[in-house]
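So the sequences go chain by chain: P and R.
Just so we're aligned: 229 in my numbering is position 229 of the first sequence, and the numbers increase by one with no gaps anywhere.
Start counting at 1 in the second sequence, then tack on 1000, and there's your number in my numbering.
Don't be surprised by glycine CBs; every beta carbon is placed ideally from N, CA and C.
Keep in mind the model is a prediction, meaning the values are calculated, not measured.
Number of protein chains: 2
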Amino acid sequence: MSDAASPPLTRRNLLTLIGASAGGTAMYQAMTSLGFAAESPYRGPIKLEGDPKGASVVILGAGLAGMTAAFELGRAGYKVRILEYNNRAGGRNWSLRGGDAYTELGGATQHCTFDDGLYLNPGPWRIPYHHYALLDYCRRFGVTLEPFIQLNHNAFLHSSKAFGGRPQRIREIKADFEGAIAELLAKATRQGALDDAVSKDDQAILIEALRAHGGLDKDFRYVASDESAEFRGYAKDPGGGLGAAPVNGEPIGMHDILTSRLWQGLQNFLSYDFQTTMFQPVGGMGRIGEAFARQLPNAIRYGAKVTGIRQDERGVTVAFEDLARDGTIEEARADWCVCALPLTILSQLPVEVSAPMKAAIDAVPYSSSVKFGLQFRRRFWEEDEHIFGGISYTDLPIRHISYPSAGYNSGGKGVLLGGYIWNGPNAYEFTAMSPAERIARALDDGAQIHPQYRSEFETGISVAWHRAPFTLGCAGEWTEETRRDHYDNLCQIDGRIVLAGEHASYIPAWQEGAILSALDAIARLHKRVVAA
Amino acid sequence: MSDAASPPLTRRNLLTLIGASAGGTAMYQAMTSLGFAAESPYRGPIKLEGDPKGASVVILGAGLAGMTAAFELGRAGYKVRILEYNNRAGGRNWSLRGGDAYTELGGATQHCTFDDGLYLNPGPWRIPYHHYALLDYCRRFGVTLEPFIQLNHNAFLHSSKAFGGRPQRIREIKADFEGAIAELLAKATRQGALDDAVSKDDQAILIEALRAHGGLDKDFRYVASDESAEFRGYAKDPGGGLGAAPVNGEPIGMHDILTSRLWQGLQNFLSYDFQTTMFQPVGGMGRIGEAFARQLPNAIRYGAKVTGIRQDERGVTVAFEDLARDGTIEEARADWCVCALPLTILSQLPVEVSAPMKAAIDAVPYSSSVKFGLQFRRRFWEEDEHIFGGISYTDLPIRHISYPSAGYNSGGKGVLLGGYIWNGPNAYEFTAMSPAERIARALDDGAQIHPQYRSEFETGISVAWHRAPFTLGCAGEWTEETRRDHYDNLCQIDGRIVLAGEHASYIPAWQEGAILSALDAIARLHKRVVAA
């Protein structure tokens, strides 16, 4: 950490010492502070070396976990077969487009009537840059990516209880909140409040940094000034020719920001999972599932609903209904089984696994989530409000409005993510509604932020994940206690069965978790097969 | 600003009162705080109403200012003609691609040998979302835009004098700096240092906000914890299956961050000009100039070097050399002249304008800038370092390394902006070098951040703007004093001549300034013509 020209130890030697004396965690932490990259759990395409001797694997579920397992086991020489409930691959990796139909639990069928090229991603919709496994499969399978805009400074933070219900630009709340913090800390520092914590030399740099970083004026005040305008923007933007001087705007006071609680929205732009550069596939997240499926011609049996899983010392037998043939029951037999069914489904099936794994399967509830896609005849958010991509956050039940990260500035129609509700009473409330009621409520909420909703709306569709027949929920929801008691039991190879999916990872609800879980599961399975 | 359900005045009435009693600036500020959008100097396509009665306009320079003037005056019924020094349109709006050649002042010619689809934007390279005029012309002329990534949390901040010269991830410096600020202010607040500035109720919310926003643990400390890891990332990322628990990283101490001065780099991500969502045209910034030129078939005379501008009461006569015909001198005569030549050029020409305008023309120096495009045989920044778009900042002379905001995750070759030097001694030092020396130095500097430079470099090109024959500098550089003494004189209609360009705006060095300046100039010119 010093500027020393010749440290007495090389960095790698030092790490070896730390690893030997203080163990893994200390070594990881030392790696970071010595300037090595963070360790990723993904280190490039998996190499399954050794002969599987003709072993067969039945894989349950053609989501990303199941298809990752099938693809890699197939490459390694296994005979693989996937049973999939839906008539498409991808699972929660899914884009709804014009012409699609979707029937939810309870029987309501929605027909998607979006225009060509427009879509809703009911499930995953953004990819962090550090989801290396997913990115690597996108590269290998030719899935073209484009940036997903998480933070758009010109989108809104909205509270129905503050600022008279008027949405505020993220840019202003962010700059004014951070400016006020800088002003308060500069003041406290200059008054000696940090004298016992920070050296005088460092205080001098700190004050300089706060002024630069916070947009403070020469007297360390965060007020209407050229300095604050540089961050928060202007009341009147600079222009060209005569009369073109800018006018600085008046910051929103700290009291108003604090009591509005709009600062809570800012966290969504700070977290590792949402940092730039995020991605989405061109044309919808479903392009990834489609690309995986293209790698598995003839391996996926669609419309196959698993009804039971038995195992013995020599293999696994999976019973399933052929949904296209009036529920005829068939059986699939293989040496091994990678089960990538959601735990919501699996916990309701007869499954022959050990008591600890069964307890784990039953221990994890699934989060509740509802998403809405709303098509408008005009991209008013761009044309009227200059919002290009990004997300507005609100305290209304819809929580999010996300603007498309594609087709910018081109006019024409667009589909907004008109709401994304994650857990809490509103998620259950909306799940209980009919699809038409959901859309009506999404329009009511959204019109409080964008009045143009009323005149520009054309068509909408919603997915309430607890009503999705193939998952019965959105994603596995672990607590510290369930992790401690059940996670390792869930992930063990149990006889001839191993589980995979986002629920069997430390990155629940993310596609990366599904893929990494599958890679870990098959690596262990393969080791056992080769050793046998 | 209150939650009051029925304010006594409507917002518009209130604004009228404020405008009447306190004047324009107060009204603009009130507009912002009342929730109206900031006032943009651009309000949609210009309407030049009234008959120009066959008036003719000669326009000097086919940059964005000149072409905006020509396009809009042409639409309004003027006879327009542009004289352009280069054999292409666009001026500083320019992309260098494989097959292009560029000869700088001094005679050195560089041949660009980039692969197909790769380019360097020697001039403007990014478009803020609030440059509404430019975006509107892009929309009208069918220029497709894609996001330009300014802030990539995984790119680097680098000081040759700190951290042993090892580049630091922006993510960690940003999270750790902001976390330390939050910790210090939470501490000062809890010790009563803000008691005279912030109410007790607000202090309670402030402390809660600092904990959430800064990643502090339950004891308000910024240390290795789940909370800080959520922002700064992990020493070991979470994974899937067994042994997949994440390991939190140790934050960099505030002392190290302060003394490294890497916090200075963070400002580049806060400012209004660089906030999300920024754009670039697909295929290079030059696509905009090309699109403008397509709107002006036959109106542009290329290879025409202006040598003098005379005017009388009835019109303007511009002398120019036809560079293709051994410098033959010709004259162009028109009723009016919109002169969009850079002041560096104009100040060296005989020009018949008033003394105040001449003084203004001579008063504005031009900033110095050098840019490098470096082609590498492999996108190692993505493949090895997971940097997708964005900019690394360094204290080395090259200052910036910018990673392409296109073609992500697709493998193959790529062109980095291998340096962007803006003013200061290094800009002059690099301008004085031969093109080959510049590239060699850019590689030396860059290799300190990316050692792969050495093995992966293929070909490079540089533009030092003070050696660009058509501008002799990068952009007009105003001070508070020159603005006060000269700006309005520069922008007046002087007899039959009016100037336009980024130099005649409050947004110097940006394309938006050029366009807004042209629109303002021709609006005033047209008013005069119609009134005559």
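For a contact meaning CB atoms closer than 7 Å, what does W1263(R) contact in chain P?
Ordered by position in chain P, the residues that pass the 7 Å Cβ test against W1263(R) are A209 and H213.
Discussion item. Could you tell me the alpha carbon to alpha carbon distance between D1003(R) and G98(P), rounded to whole angstroms?
Written reply: Caution applies to D1003(R), whose pLDDT of 37 falls short of 50 and renders its modelled position unreliable; the model cannot decide the point.
### Rounded C-alpha distance that separates R211(P) from M254(P)
So the two alpha carbons sit approximately 17 Å from each other.
Other residues of its chain near Y1408(R): CB distance less than 6 Å, five sequence neighbours each side excluded = Within the same chain, Y1408(R) has close Cβ partners F1388.
- Kindly identify the DSSP beta-bridge partner or partners of C1337(R). C1337(R) pairs with V1058(R) and I1497(R).
Q. What does a CB cutoff of less than 7 Å around A427(P) pick up in its chain, not counting 5 residues either side in sequence?
A. Taken in chain order, the residues that qualify are S368, S369, V370 and I421.
Nearest-angstrom Cα distance between D384(P) and Q452(P)? One Cα belongs to D384(P), the other to Q452(P), and the distance between them is close to 9 Å.
(Q) Between the stretch 464-478 of chain P and the stretch 390-410 of chain P, can you find at least three pairs of beta-carbon atoms closer than 8 Å? (A) They do not touch, by the three-pair rule.
So, using beta-carbon positions, are R81(P) and A447(P) closer together than 8 Å?
In this structure, R81(P) sits away from A447(P), with a CB-CB distance that is not shorter than 8 Å.
I need the DSSP call for E536(P), collapsed to helix, strand or coil. A question about residue 536(P) goes unanswered here, because the residues of chain P that appear run from 1 up to 532.
* Identify, in the order they occur along the chain, each residue of the same chain with its Cβ nearer than 6 Å to the Cβ of I361(P), setting aside the five sequence neighbours on each side. => Annotation for I361(P): L343, L346 and S347 place their beta carbon closer than 6 Å to its own, counting only its chain and skipping 5 residues before and after.
*Use the C-beta contact count for E49(P): other C-beta atoms within 10 angstroms, 16 or more gives buried, fewer gives exposed.*
So E49(P) ends up on the exposed side.
- Proximity to P1238(R) [Cα-Cα], best of V529(P), D100(P), S199(P) and I507(P): Out of V529(P), D100(P), S199(P) and I507(P), I507(P) has the C-alpha closest to the C-alpha of P1238(R).
* Quick one, which of L64(P), T317(P), N93(P) and E321(P) has its alpha-carbon nearest K305(P)'s? -> Nearest of L64(P), T317(P), N93(P) and E321(P) to K305(P), Cα basis: E321(P).
Using only alpha-carbon positions, find the residue among I1046(R), A1070(R), S1160(R) and K1527(R) that is nearest to P1297(R). If we check each option's Cα against that of P1297(R), A1070(R) comes out closest.
- request: Give the residues from the stretch 281-315 of chain P that approach chain R closer than 9 Å (Cβ to any Cβ), ordered along the chain.
  value: Within the stretch 281-315 of chain P, no residue has its Cβ closer than 9 Å to any Cβ of chain R.
task: Please classify A464(P): does DSSP put it in a helix, a strand, or coil?
output: Reduced to three states, the DSSP call for A464(P) is strand.
Using a C-beta to C-beta distance shorter than 7 Å, which residues of chain P count as neighbours of C1112(R)?
Residues of chain P with a Cβ closer than 7 Å to the Cβ of C1112(R) do not exist; the shortest Cβ-Cβ separation is about 26 Å.
So which residues of chain P does I1149(R) contact, with C-beta pairs closer than 9 Å? Ordered by position in chain P, the residues that pass the 9 Å Cβ test against I1149(R) are P147, T276 and T277.
With 16 other CB atoms within 10 Å as the buried threshold, where does R1043(R) fall? The residue is exposed, with fewer than 16 neighbouring Cβ atoms inside 10 Å.
CA-CA distance, F955(R) and S1354(R)? Residue 955(R) cannot be examined here, being either before or after the span of chain R that is shown, 1001 to 1532.
For this session: May I ask which residues mark the beginning and end of the alpha helix (DSSP H) holding T1522(R)?
Result: Before going further, note that residue 1522(R) is Ile rather than Thr in the sequence given. Start and end: Q1511 to A1531.
- Cβ atoms of N93(P) and L73(P): under 8 Å apart, would you say? No, these two residues do not count as a Cβ contact at 8 Å.
Measuring only the C-alpha atoms, how far is S199(P) from F156(P)?
Straight across, the Cα-Cα distance linking S199(P) with F156(P) is about 40 Å.
Pair within 8 Å by beta-carbon distance, G1412(R) and A1089(R) | No, the pair does not count as a contact, with Cβ atoms beyond the cut-off.
Q. How many angstroms separate the CA atom of S1033(R) from the CA atom of P1167(R)?
A. In this prediction, S1033(R) has a pLDDT of 49, which is less than 50 and means its spatial position is unreliable; nothing more can be read from the coordinates.
For this session: Round the Cβ separation of W263(P) and I173(P) to the nearest angstrom and send it over; I've been treating them as touching at under 8 Å.
Result: Confirmed, Cβ separation roughly 7 Å.
Note to self: Would Q448(P) pass as an interface residue toward chain R - the criterion being a Cβ-Cβ separation below 8 Å?
What the structure shows: With its beta carbon at least 8 Å from every one in chain R, Q448(P) lies outside the interface.
Determine whether the Cβ of H1486(R) lies closer than 8 Å to any Cβ atom of chain P.
-> By this cut-off, H1486(R) is not an interface position.
Give every residue of the same chain whose Cβ lies closer than 6 Å to the Cβ of V143(P), excluding the five residues on either side of it in the sequence, and list them in chain order. Contacts found: P281, R287, I288 and A291.
message = Rounding to the nearest angstrom, what Cα-Cα distance links I461(P) and S1260(R) in this structure?
response = Between the alpha carbons of I461(P) and S1260(R) lies a distance of about 52 Å.
### Contact set between K1413(R) and chain P, taken where Cβ atoms lie within less than 8 Å
Here the premise fails: no neighbours, minimum Cβ distance about 15 Å.
Practice prompt. Identify each residue in the stretch 311-343 of chain P for which the Cβ-Cβ distance to at least one residue of chain R is less than 9 Å, and report them in chain order.
Written response: Here the close residues number zero.
Determine, for I1507(R), whether the minimum Cβ-Cβ distance to residues of chain P falls below 8 Å. For I1507(R), the nearest beta carbon of chain P is closer than 8 Å to its own beta carbon.
- Under 8 Å, do F231(P) and A175(P) count as touching if we go by C-beta distance? Yes, they are a contact pair.
Evaluate I329(P) with the Cβ neighbour count: other Cβ atoms within 10 Å of its Cβ, from every protein chain shown; 16 or more gives buried, anything less gives exposed.
-> Per the 10 Å Cβ criterion, exposed.
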